[in-house]
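Colleague: Chains as they are written, first to last, in my numbering: chain A, 2 to 372; chain B, -16 to 181. Could you have a look at this structure, given as structure tokens, before my questions?
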Amino acid sequence: MNVKENIKTLIVNKPLKLDCGQTINEFPLAYETYGSLNKDKNNAILVFHALTGDQFVTGKNPITNKDGWWSYAVGPNKSIDTNKYFVICANVIGGCMGSFGPSHKNPKTNKTYGTDFPVITINDIVNAQVNLLDHFGIRKLFSVVGGSMGGMQVLQFVSNFPDKTKTAVPIACTASHSAQNIAFNELGRQAITADHNWSKGEYSSNNMIPDKGLAVARMAAHITYLSKKGLQEKFGRKLQERDDLKFGFDADFQIESYLRYQGSVFVDRFDANSYLYITRAMDYFDLAKKFKGNLSNAFIKTNAKFFVISFTSDWLYPTQENKDIVIALNAIGADVGFVEIESDKGHDSFLLDVPDFLSALKNFLDQSYKE
Amino acid sequence: MKLEFKIIADLLEENTRVLDVGCDDGTLMEFLKKNKNVDIRGIEISKKKVQVCISKGLTVLEGNAEFDLKQFPENSFDYVVLGQTLQAFVNPEIVIKELLRVGKKAIVTIPNFGHWRVRLNLLRKGTMPVTKTLPNDWYNTPNIHMCTIKDFVKFSKIVNFKIYKSLALMNKNVSNINNSNLSFKNLFAELGIFLIEK
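As structure tokens, this is what we get:
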């Protein structure tokens, strides 16, 4: 099967001026859609993916043959009901699932871009995706929804295009990457660039991948997506296929084996340079900066109805950071609801089967759609 | 529909901005939205009840009024409603001040601890009163700062807010409370309903 056949791509003809100063032209934006756009074109939801997600939100991902990353939340009769809504999701620029990214060939050098790819921001990512609205002839979305980095895109989208969505659902996210967030991302980037195979980002010319470094990056990040309690309950000190400690450095514990597995499957589906670029975009995210530190001003022009969701055990983007968004919105009298969902599944809760979360999301969308 | 909610609705002007503090399952919010066409928000501490509100399409914040009212600017609402929860706060004085900072007016309802049944209960049994409207024992009640209608009137002078209108609910009848009948209402009303201002 030709991989590319399964990837829908919009070639964006409108030049996009990036925050770094460079302008990109005629660049590909890979996307997928679910459900169908109604006649009035008012049932569209733009879903934004997180750091390592892609446009294949639900159903079978045709590239990896695994379930889409948000299969629990998106699909017929689910929270984001594809019988009702037209769901659009694009691979972020800088990504590696068809959108313009560092693994693309640079026509000037005839080599992949690698680190010659421009450093992108959440702002750039969102500005690239808004072209999909024109492509489908959608004047105003019904909603923009996303968790984690997807939530950051929700906030940026509403700020940049205040009248282009009726509702907005930022989930488990922040308006500004914290020092701790940046620190974990830097750890991942250092792991990648320290891998000899990385070769200053030109690994594809050498037909190598910095798999060890990328796997370590993923392992470290994966820990931040789970809660201490969740890990303890799932793994504790259980041993991996052995009755006793082996007094060596193999994976004695189940948690070690689990993390190694997570790392190893990740390198098969994700590009190391994309990981560098996208984590950088997250680190640069600070929505209030442009508004002299006043986050409220980022939303002053919008009438969108917001629903902010956080999770009790999420220590990566904790409730307080989500609440700061709520506070900023309330300061300007915006229409904002907020709920903290009880879950011990950590930051990853938004991707998992957490019934209270799934029903809150569904109820908010379905009730707002009626209005 | 609870009579209390109808009384609250009558105290509100139409097409105003309202905040319901401790909005419970959103019944009052729905009623006010429908009958007074208000732009209404709620704050509720229970996750479960927030979920119920969301399922009704209401805009509700999960939060604790004791800490979370401070995010609202001054006079961001025409009315702030506090239904039978003042007695549950650690610091009712701060909450009342916050209500009147956030709202131009506030509507506060209080279960009257001066009701004769409560008094008789304590007199006869010598134990903390348990009644139909106050069903908890002293050790597990969320109502840690019970007051009487008289107490609330006194409170208004201490904290320095104006009582614009005060109503008594007794046996499904609504009546005005004034200086001359205060002691009587304090003995017979189950609920006091106050429209207050700074």
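Every residue, glycine too, gets a C-beta built ideally from N, C-alpha and C. It should be emphasised that the depicted structure is a prediction, and the values quoted were computed from it without experimental measurement.
(1) From which residue to which residue does the beta strand (DSSP E) around B:Asp22 run?
(2) Does A:Met2 come out as helix, strand or coil in the three-state DSSP assignment?
(3) For A:Gly294, go through chain B and note every residue whose CB falls closer than 8 Å to its CB, in chain order.
(4) Check the Cβ of A:Lys371 against every Cβ in chain B and list those closer than 9 Å, keeping chain order.
(5) List the residues that DSSP assigns as beta-bridge partners of A:Asp336.
(6) How is A:Lys61 classed by DSSP in three states: helix, strand or coil?
(7) So with Cβ pairs under 8 Å, would you call A:Phe143 a contact of chain B?
(8) Could you say which of B:Ile23, B:Phe50, B:Ala71 and B:Phe138 lies nearest to A:Gln321 if we only look at CA atoms?
(9) Can you confirm whether the segment 261 to 273 of chain A touches the segment 139 to 157 of chain A when touching is taken to mean that 3 or more C-beta pairs between the two stretches lie within less than 8 Å?
(10) Counting contacts by CB-CB distance shorter than 8 Å, is B:Glu57 in contact with chain A?
(11) So if I threshold CB-CB distances at 8 Å, which residues from the segment 328 to 355 of chain A count as touching chain B?
(12) Check whether the Cβ of A:Asn3 lies closer than 8 Å to any Cβ atom in chain B.
(13) From the beta carbon of B:Glu81, is the nearest beta carbon of chain A less than 8 Å away?
(14) Excluding sequence positions up to five away, which residues of its chain have a Cβ less than 8 Å from the Cβ of A:Ala221?
(15) Could you give the C-beta distance for A:Leu30 and A:Ala176, rounded to a whole number, given that I count them as a contact under 8 Å?
(16) Less than 8 Å between CB atoms is the rule here; does B:Ile37 satisfy it with respect to chain A?
(17) Given that B:Glu45 touches chain A, what residues does it touch there, using C-beta distances under 8 Å?
(18) Going straight from the alpha carbon of B:Phe171 to that of B:Val101, what length do you get?
(19) Once the 5 residues before and after A:Lys201 are set aside, which same chain residues still bring their CB inside 6 Å of it?
(20) Output the distance between the C-alpha atoms of A:Phe365 and B:Gly66, rounded to the nearest integer angstrom.
(21) Note down, in chain order, each residue of its chain lying with its Cβ closer than 8 Å to the Cβ of B:Val35, except the 5 sequence neighbours on either side.
(22) Under 8 Å, do A:Phe308 and A:Ser160 count as touching if we go by C-beta distance?
(23) Which same chain residues, not among the five before or five after B:Phe135, have their C-beta less than 7 Å away from its C-beta?
(24) Just the Cα atoms here: how many angstroms apart are A:Leu11 and A:Tyr32?
(25) In chain order, what residues of the same chain have a beta carbon less than 8 Å from the beta carbon of B:Val142, not counting five sequence neighbours either side?
(26) Residues of chain B with CB closer than 7 Å to the CB of A:Ser364, please, in chain order.
(27) Are the C-beta of A:Ser360 and some C-beta of chain B separated by less than 8 Å?
(28) With a threshold of 8 Å between beta carbons, is B:Lys19 in contact with chain A?
(29) Taking 8 Å as the CB-CB cut-off, is A:Ile8 touching chain B?
(30) Counting only Cβ pairs nearer than 7 Å, list the residues of chain A close to B:Val33.
(31) From the beta carbon of A:Asp357, is the nearest beta carbon of chain B less than 8 Å away?
(32) To the nearest angstrom, how far is it from the Cα of A:Asp284 to the Cα of B:Asp(-7)?
(33) Would you mind listing the beta strand (DSSP E) stretches within the segment 77 to 144 of chain A that are 3+ residues and don't spill past its ends, in chain order?
(34) What does A:Gln368 touch in chain B if you count any residue whose Cβ is under 9 Å from its own?
(35) First and last residue of the beta strand (DSSP E) that includes A:Gly373?
Modeller: In short, the structure shows the following:
(1) By one-based count along the second sequence, residue 22 of chain B stands at place 39. It spans Asp22 to Glu27 - the beta strand (DSSP E) in which B:Asp22 sits, taken as one unbroken run.
(2) Position 1 of the first sequence, counted from the start, is the residue given in the question as residue 2 of chain A. Low local confidence applies: a pLDDT of 39 at A:Met2 is under 50, so the model's placement there is unreliable, and no value is given.
(3) Along the first sequence, one-based indexing puts residue 294 of chain A at 293. Chain B residues near A:Gly294: none, gap ~17 Å exceeds 8 Å.
(4) As a first step, residue 371 of chain A must be located in the first sequence, where it is residue number 370. In chain order: Gly40.
(5) Start at 1 with the first residue of the first sequence, and residue 336 of chain A comes out as number 335. According to DSSP, A:Asp336 bridges with A:Lys306.
(6) Within the first sequence, residue 61 of chain A is the residue found at index 60, counting from 1. A:Lys61: strand per DSSP, three-state reduction.
(7) By one-based count along the first sequence, residue 143 of chain A stands at place 142. With 8 Å as the cut-off, A:Phe143 does not count as an interface residue toward chain B.
(8) Start at 1 with the first residue of the first sequence, and residue 321 of chain A comes out as number 320. Residue B:Phe50 is the option with its Cα nearest to A:Gln321.
(9) With fewer than three CB-CB distances shorter than 8 Å, the segment 139 to 157 of chain A does not count as touching the segment 261 to 273 of chain A.
(10) Counting from 1 along the second sequence, the entry for residue 57 of chain B is found at position 74. At a cut-off of 8 Å between C-beta atoms, B:Glu57 does not count as an interface residue with respect to chain A.
(11) Hits within the stretch, in order: Ile328, Asn331, Ala332, Gly334, Asp336, Val337, Gly338, Phe339, Val340, Glu341, Ile342 and Glu343.
(12) As a working note, residue 3 of chain A is residue 2 in the first sequence. Because the pLDDT at A:Asn3 is just 46, under 50, the model does not fix this residue reliably, and the point stays unresolved.
(13) As a position in the second sequence, residue 81 of chain B is number 98, starting the count at 1. It does not: the Cβ of B:Glu81 has no partner Cβ on chain A nearer than 8 Å.
(14) Counting from one through the first sequence, the residue named residue 221 of chain A turns up at place 220. Scanning its chain for C-beta atoms nearer than 8 Å, with the 5 sequence neighbours on each side dropped, one finds around A:Ala221 the residues Phe185, Leu188, Gly189 and Ala192, in chain order.
(15) Taking the first residue of the first sequence as 1, we reach residue 30 of chain A at position 29. Taking the first residue of the first sequence as 1, we reach residue 176 of chain A at position 175. The pair is not a contact, with the Cβ atoms about 25 Å apart (cut-off 8 Å).
(16) Locating residue 37 of chain B in the second sequence gives position 54, where the first residue counts as 1. So yes, B:Ile37 belongs to the interface.
(17) Locating residue 45 of chain B in the second sequence gives position 62, where the first residue counts as 1. Neighbourhood of B:Glu45 in chain A, by CB distance below 8 Å: Phe339, Val340 and Glu341, in chain order.
(18) Residue numbering aside, residue 171 of chain B sits at position 188 when the second sequence is read from its first letter. Residue numbering aside, residue 101 of chain B sits at position 118 when the second sequence is read from its first letter. Inter-residue distance for B:Phe171 and B:Val101 is about 10 Å (C-alpha atoms, whole angstroms).
(19) What you label residue 201 of chain A is simply residue 200 of the first sequence in a count that begins at 1. Within the same chain, A:Lys201 has no close Cβ partners at all.
(20) In the first sequence, the residue the question calls residue 365 of chain A occupies position 364. In the second sequence, the residue the question calls residue 66 of chain B occupies position 83. For A:Phe365 and B:Gly66, the distance between alpha carbons rounds to 25 Å.
(21) Looking up residue 35 of chain B in the second sequence gives position 52. Closer than 8 Å at the Cβ level, and outside the excluded window around B:Val35, lie Asp8 and Gly9.
(22) The count along the first sequence starts at 1 and reaches residue 308 of chain A at position 307. The count along the first sequence starts at 1 and reaches residue 160 of chain A at position 159. Taking 8 Å as the Cβ cut-off, A:Phe308 and A:Ser160 do not qualify as a contacting pair.
(23) Here residue 135 of chain B corresponds to residue number 152 of the second sequence, with the count starting at 1. Contacts found: Ile93, Gly175 and Phe177.
(24) Position 10 of the first sequence, counted from the first residue, corresponds to residue 11 of chain A. Position 31 of the first sequence, counted from the first residue, corresponds to residue 32 of chain A. Between A:Leu11 and A:Tyr32, the C-alpha separation is close to 8 Å.
(25) Taking the first residue of the second sequence as 1, we reach residue 142 of chain B at position 159. Listed in chain order, the non-local C-beta contacts of B:Val142 below 8 Å within the same chain comprise Glu76, Ile79 and Lys80, local neighbours out to five positions each way being set aside.
(26) Locating residue 364 of chain A in the first sequence gives position 363, where the first residue counts as 1. The question names Ser, but residue 364 of chain A in the sequence shown is Asn. Those are Ile37 and Ser38, listed as they occur along chain B.
(27) Within the first sequence, numbered from 1, the residue matching residue 360 of chain A stands at position 359. So yes, A:Ser360 belongs to the interface.
(28) In the second sequence, residue 19 of chain B corresponds to position 36, counting from 1. Put simply, the CB of B:Lys19 is far from chain A, with every gap to its CB atoms at 8 Å or more.
(29) Within the first sequence, the letter at position 7 stands for residue 8 of chain A. No, because no Cβ of chain B sits closer than 8 Å to the Cβ of A:Ile8.
(30) Counting from one through the second sequence, the residue named residue 33 of chain B turns up at place 50. What B:Val33 touches in chain A, judged by beta-carbon distance under 7 Å, is Val340, going in chain order.
(31) Counting from 1 along the first sequence, the entry for residue 357 of chain A is found at position 356. Interface residue, yes.
(32) One-based indexing of the first sequence puts residue 284 of chain A at position 283. One-based indexing of the second sequence puts residue -7 of chain B at position 10. A direct Cα-Cα distance of roughly 52 Å separates A:Asp284 from B:Asp(-7).
(33) Qualifying beta strand (DSSP E) stretches, in chain order: 87 to 91.
(34) Here the question's residue 368 of chain A lines up with position 367 in the first sequence. Near A:Gln368 (Cβ distances below 9 Å), the residues of chain B are Ile37, Ser38, Lys39, Gly40 and Leu41.
(35) Because chain A in this structure spans residues 2 to 372, residue 373 of chain A falls outside the shown range and cannot be described.
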